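Going by UniProt numbering, the sequence shown opens with residue 1, and the numbers climb by one from there.
We put the beta carbon where it would ideally sit given N, CA and C, even for glycine.
Quantities reported herein were computed from a predicted structural model and do not represent experimental measurements.
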Amino acid sequence: MTQRIVVLISGSGSNLQTLIDHSLKGDLHGDIVGVISNKADAFGLVRAENANIPNMVLDHKMFESREDFDLALIEQIDSFKPDLVVLAGFMRILSEEFVSRYQGRLMNIHPSLLPRYKGLNTHQRALDAGDAEHGCSVHFVTEELDGGPIIIQAKTPILMEDDSASLQARVHTLEHKIYPLAVSWFCSGRLRVTVDGVMLDDNCLPSSGFELKV
1 MTQRIVVLIS
11 GSGSNLQTLI
21 DHSLKGDLHG
31 DIVGVISNKA
41 DAFGLVRAEN
51 ANIPNMVLDH
61 KMFESREDFD
71 LALIEQIDSF
81 KPDLVVLAGF
91 MRILSEEFVS
101 RYQGRLMNIH
111 PSLLPRYKGL
121 NTHQRALDAG
131 DAEHGCSVHF
141 VTEELDGGPI
151 IIQAKTPILM
161 EDDSASLQAR
171 VHTLEHKIYP
181 LAVSWFCSGR
191 LRVTVDGVML
201 DDNCLPSSGF
211 ELKV
């Protein structure tokens, strides 16, 4: 049975577009049934509209607390009856209740080689640290910010001439490779998270996840 996917966004939605493209090609093994943004001006809403995907805005500023917003968000997500909830540039720290609700079926992509550089400004932080390489990670979401079990990573060397913008551009390209792959693994029943770690085809992945060679 085709899996139902809800995508949460806050901005341009480039990862959303990649997922839409893969879904249309049939290699995602799932259908994006809803897109929700906490910002009305998110271009990702236009992408969803162009693909005839139901979409809506739930403005976090209209709620008194994070918990109130998350409860309303849960209600909207559940109206789509999703099998998987995908965070694609959704710039909100999620409450414990929200994360618990979708445990094991809530996925995020982060622009660093986790566990390095959780949080923001990851590209500049990698440059400032003099790292030889940088990259991105897809992980299951837990209550720890950017700290959930890692599914897959991809790396790029940091070049002498790199600045934050050039490094970000290369990492974006990697994101568009690994996110559809992780989602397709989940939707085809190959990927799950257990007490022992992340399982792919019933094999336990290393703590750093599967490394996609690019």
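{"query": "Just the C-alpha distance for V57 and R101, rounded to the nearest angstrom, thanks.", "result": "21 angstroms"}
{"query": "Taking C-beta to C-beta, are C187 and H29 nearer than 8 angstroms?", "result": "yes"}
{"query": "Pick out the complete alpha helix (DSSP H) segments inside the segment 4–87, 4 residues or longer, and give them in chain order.", "result": "14–25, 43–50 and 66–78"}
{"query": "Tell me the rounded alpha-carbon separation between residue 217 and P206.", "result": "With the chain covering only 1 through 214, there is no way to say anything about residue 217."}
{"query": "Going by DSSP, which residues form a beta bridge with F140?", "result": "M107"}
{"query": "On the CB-based measure, 16 or more other CB atoms within 10 Å of its CB, does G89 come out buried or exposed?", "result": "buried"}
{"query": "On the criterion of 16 or more Cβ atoms from any shown chain inside 10 Å, does N50 qualify as buried, or is it exposed?", "result": "exposed"}
{"query": "Give the straight-line distance between the Cα atoms of G130 and G148, rounded to the nearest whole angstrom.", "result": "26 angstroms"}
{"query": "Which value, in whole angstroms, describes the spacing of the CA atoms of L212 and V138?", "result": "11 angstroms"}
{"query": "Rounded C-beta distance between N55 and V35? I'm assuming under 8 angstroms.", "result": "4 angstroms"}
{"query": "DSSP state of K118, grouped into three classes?", "result": "coil"}
{"query": "DSSP on residue 223, reduced to helix/strand/coil?", "result": "Any question about residue 223 goes unanswered here, given that the chain covers just 1 to 214."}
{"query": "With respect to the alpha helix (DSSP H) encompassing I178, which residues constitute its N-terminal and C-terminal limits?", "result": "S164 to C187"}
{"query": "Considering only their Cβ atoms, is the gap separating L106 from F140 smaller than 8 angstroms?", "result": "yes"}
{"query": "Once DSSP output is grouped into helix, strand and coil, what is the label at R125?", "result": "helix"}
{"query": "Classify V46 as buried or exposed, calling it buried when 16 or more other Cβ atoms lie within 10 Å of its own Cβ.", "result": "exposed"}
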